[in-house]
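Chains as they are written, first to last, in our numbering: chain F, 5 to 346; chain A, 5 to 346. Let me begin by presenting the structure, written as structure tokens, before commenting on it.
There are 2 protein chains.
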Amino acid sequence: MAQATDPSRSQPTTLTDVARLAGVSVATASKALNGRSQVRAETRQRVVDAAERLSFRPNLLARGLLAGRTGTVGLLTSDLEGRFSIPILMGAEDAFGAGEVAVFLCDARGDAIREQHHVRALLGRRVDGLIVVGSRTDPRPSLGRELPVPVVYAYAPSEDPADLSIVPDSVGAGRIAVEHLLACGRSRIAHITGDPRYLAAQERALGARSALADAGLALVGEPRFGVWSEGWGRAAAAMLLDQHPDIDAVLCGSDQIARGVMDVLRERGHRVPEDVAVMGFDNWKILTSASRPPLTSVDMNLEQVGRAAAHALFSAIAGAQHSGVETLPCRVAIRGSTAPLA
Amino acid sequence: MAQATDPSRSQPTTLTDVARLAGVSVATASKALNGRSQVRAETRQRVVDAAERLSFRPNLLARGLLAGRTGTVGLLTSDLEGRFSIPILMGAEDAFGAGEVAVFLCDARGDAIREQHHVRALLGRRVDGLIVVGSRTDPRPSLGRELPVPVVYAYAPSEDPADLSIVPDSVGAGRIAVEHLLACGRSRIAHITGDPRYLAAQERALGARSALADAGLALVGEPRFGVWSEGWGRAAAAMLLDQHPDIDAVLCGSDQIARGVMDVLRERGHRVPEDVAVMGFDNWKILTSASRPPLTSVDMNLEQVGRAAAHALFSAIAGAQHSGVETLPCRVAIRGSTAPLA
DNA sequence: AAACGAGCCGAAAAGGTTTTCTGGAACGCT
DNA sequence: AGCGTTCCAGAAAACCTTTTCGGCTCGTTT
């Protein structure tokens, strides 16, 4: 006798097994399980029972090979570590998971070579489409127009306008932040933000200024660019208070910066929000809910971005031909650090 | 004529195309490209050139169908949002990516039904194995012994000792934390930690006590369990200082708690680390590097856990039969919040 | 009674690759 | 010349599923 095979690793049951047990041909078994009409109800039931007893799961490889579509997509992140990729990834996974589509996850770690490698591997697996997730909102090089499957860029738009990109509306984010502060009765608003080489920093500042201008106001001083850290928030806040002790709101480019700013405000005896309102961007709950008081922040709706990218990819796979950069609105998550002036 | 097909979505080239262009049979083309020996060098070169010209990529579905192995694994997380899954996921993705294995990402969102659904879907895609990543270190129900592929549990071990699980050494983490504080000359050490229903909280406390006992010492008071938040850290620190103003170190159950503790210490005029040393767990850089001073913290080496799980799955796929819970050591990331007593 | 239609099932092909086996050609040796 | 050996290429099967098409049976209609 041949060596007994490990029972716990037995070959998965095939349609042939089911057909044999049900006493029909594989063709009939297939039709019975897939709800085709040319099967008698009684026969169908026999097949379904047999499949159940053998706990049959159709081999999606074979099906994909035949159908030309695999029901898989590639999710290519440039940087899993950064916290922006994760919510986008969650949104996309959510949107796909509901629709029987499986997601290949690849992390390029910001390396173009590795990215290219992953694209090749994914194409070898005949994914139906790709989502490319960036780690910042600055445009990135396109994967090219010659790919055999549709591609959607999320968060970081493609440089090629022929590609389809889904990004949060950073300018609008700056606008709604200022509008919220204005609604709270603030008028002497300063802006402390992060690295000026980030498009997001520039666009948020632009939106903030534009909303102020619409109200006939202007920022107190110039936007203070620096880095995305609490330390910078503290340093900039100290300088700001020295020069402009009369501010009544600080719009911060990130939640981290906002935390630094709030620490300095408190240490210098300014009450938040009674004397000075503080706002951040990103709505990173670990920071916003832990600060004293909890921090009002602009949420970039990143899960939404991921979901929208997934839906866009769906319709692109179905044949729709869209292109250009689509922006999604952000929203203000209001907490204790902003409140109307008494 | 038939409708012209969209050139940008042309069918991928197949081995048949390559063989035709090279003037050989598909069998020979396959052997040439896969380095089989029964091909003349000159013929092989012709095939390779043809494949190159057509930018041929073998269809991994077909290969997988034939080989019975697909070179894919499923990564099943219970909670992508939590920050513990991500490093594990990165480590696993890293280990697999190097070896031509692609990773299906599925997020069950802590829902057993959804998890079961994903397992079925992954088995339908004939993954070669599964990694199940938990969101906390408490044991979780096994997926069962009847699965047709090997499974490795990471971070959250399986309740079934017949399964293989890879977890960080939480007891050891508590030990090395205390050992570091002892090495800094501290002897009056208090412990403020999180939710007592988390095994990690219990085990870290256990390890800490055991290391202290080895040195002939004991904790100052009982471990103070609460929740994993800055707010609890502040509240507990205030109580602690009221009862035991003479402590010289606080071991905190998480970096968030540690930040809260440090804020209260500073506000009450205790210097860190001169008067009181503070340590956290998790080594979450966004918190450890932003605090004043930067926070010493125990790193759970989660990427390592992910990599180890990937390697374990590899060898299980290759046939090795391991089981039980394997613990991986943690390490102390030393920063400014701990320093030797002068 | 013959013809026809409807309903149901099975045979076979297709999808792309790898592997095994067969066979042909060239070459060396007796 | 005949035989054996080596080398190389191709034919065919296999993996598993879906779909098309042909054919069988049975019931209905003229």
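Note that beta-carbon positions come from the ideal geometry of N, C-alpha and C, so glycine has one too.
Looking from the CA of H184(A), the closest CA among D173(A), E163(A) and A219(A) belongs to A219(A). M243(F) counts as exposed, since fewer than 16 other beta carbons sit within 10 angstroms of its beta carbon. In the three-state reduction of the DSSP assignment, M304(F) falls in the coil class. Annotation: L58(F) is outside any beta strand (DSSP E) and is labelled neither H nor E by DSSP. Below the 7 angstroms Cβ cutoff, chain A contributes A106, V107 and F108 as neighbours of F108(F), in chain order. The beta carbon of R118(A) lies closer than 6 angstroms to those of A112 in the same chain, with the five residues before and after it left out. Assigned with DSSP and collapsed to three states, G95(A) falls in helix.
With a 10 Å radius around the Cβ and a threshold of 16 neighbouring Cβ atoms, G103(F) comes out exposed. Taken residue by residue, none of the stretch 192-218 of chain F has a beta-carbon sitting less than 7 angstroms from a beta-carbon on chain A.
Inter-residue distance for D279(A) and D252(A) is about 6 angstroms (C-alpha atoms, whole angstroms).
For G310(A), the closest alpha carbon among the candidates V182(A), D286(A), A116(A) and V136(A) is that of V136(A). Checking the DSSP bridge columns, you'll see E330(F) partnered with I170(F). Approximately 6 angstroms separates the beta-carbon atoms of T342(A) and M283(A); this is inside 8 angstroms, confirming the contact. Taking 9 angstroms as the Cβ-Cβ cut-off, the stretch 287-308 of chain F approaches chain A at W288, I290, L291, S293, A294, S295 and R296, given in chain order. Contact fails between the stretch 147-154 of chain A and the stretch 295-313 of chain A, because fewer than three Cβ pairs, one in each stretch, are under 8 angstroms apart. No Cβ of chain F is located within less than 8 angstroms of the beta carbon of D167(A). Below the 7 angstroms Cβ cutoff, chain A contributes L65 as neighbours of T74(F), in chain order.
Look at G340(A) here: in three-state DSSP terms it is coil, with no helix or strand label. In this model, L245(A) and A346(F) are separated by some 36 angstroms (Cα to Cα). Bounds of the beta strand (DSSP E) holding V136(F) are G133 to V137. Around the beta carbon of P227(F), 16 or more other beta carbons sit within 10 angstroms, so the residue counts as buried.
G75(F) has its alpha-carbon roughly 7 angstroms from the corresponding atom of G68(F).
At a Cβ-Cβ threshold of 8 angstroms, P172(A) and A160(A) do not count as neighbours.
Residue pairing of I193(A) in beta bridges, as defined by DSSP: A253(A). The Cβ of E119(A) sits no closer than 8 angstroms to any Cβ of chain F.
Across the set G257(F), A222(F) and V123(F), the C-alpha of G257(F) shows the shortest separation from the C-alpha of I196(F). Rounded to the nearest whole angstrom, the CA to CA distance from A312(F) to L147(F) is 20 angstroms. Residue range E234 to Q247 is occupied by the alpha helix (DSSP H) that includes D246(F).
Residue G176(F) holds the alpha-carbon nearest to the alpha-carbon of F285(F) among F108(F), L126(F), G176(F) and L134(F).
Excluding sequence positions up to five before and after A106(F), its CB lies within less than 6 angstroms of the CB of T76, all in the same chain and listed in chain order. Here DSSP, grouped into helix, strand and coil, assigns R228(F) to strand.
DSSP places V175(A) within a helical segment (H, G or I) once states are collapsed to three. Within the stretch 34-65 of chain F, the residues whose Cβ lies closer than 7 angstroms to any Cβ of chain A are, in chain order, R61, P62, N63, L64 and L65. Here M94(F) has E307 and G310 as same chain residues with Cβ atoms under 8 angstroms from its own Cβ, once five neighbours each way along the sequence are excluded. When Cβ-Cβ separations below 8 angstroms define contact, L269(F) makes no contact with chain A. Counting the other CB atoms within 10 Å of its CB gives E56(F) a total below 16, which places it among the exposed residues.
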